[in-house]
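Heads up: take any position in the sequence shown, counting from 1, add 17, and you land on our numbering. Just so you know, even glycine gets a beta-carbon here, dropped at the ideal spot from N, CA and C.
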Amino acid sequence: MKFIVEVDFPLEPFSTYVRQGTAGEKIGEMLGASQVPHVTEPLMPNFGASVHYRVAMAPEELQAAGLERYATT
18 MKFIVEVDFP LEPFSTYVRQ GTAGEKIGEM LGASQVPHVT EPLMPNFGAS
68 VHYRVAMAPE ELQAAGLERY ATT
């Protein structure tokens, strides 16, 4: 399963961090789904960012989810 993470940064303090060359350090590297909280949680207090998560499933993952049990006949 994959996650789509949408982050909205306010102009400040993000622009200052970009000018200082420290924005990349502060954001960090996202290694996988288990790292999403470790990467996105600091964005809120450090940048004042709002973060939105969306689950993205491949067709095979959706098929394996067993949703047919919720279908009405």
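Buried versus exposed call for residue i [16 or more other C-beta atoms within 10 Å across all chains shown]
| i | result |
| --- | --- |
| Leu84 | exposed |
| Thr57 | buried |
Bridge partner(s) assigned by DSSP for residue i
| i | result |
| --- | --- |
| Glu23 | His69 |
Spatial neighbours of residue i in its chain, beta-carbon cut-off 7 angstroms, leaving aside the 5 residues before and after
| i | result |
| --- | --- |
| Leu28 | none |
Residue i versus residue j: straight-line alpha-carbon distance, rounded
| i | j | result |
| --- | --- | --- |
| Phe26 | Met74 | 26 angstroms |
| Pro62 | Gln37 | 18 angstroms |
| Phe64 | Val22 | 16 angstroms |
| Val72 | Thr33 | 31 angstroms |
| Pro59 | Thr89 | 43 angstroms |
Close Cβ partners of residue i (< 8 angstroms) along its chain, the five nearest in sequence each way excluded
| i | result |
| --- | --- |
| Tyr87 | none |
| Ala40 | Phe31 and Tyr34 |
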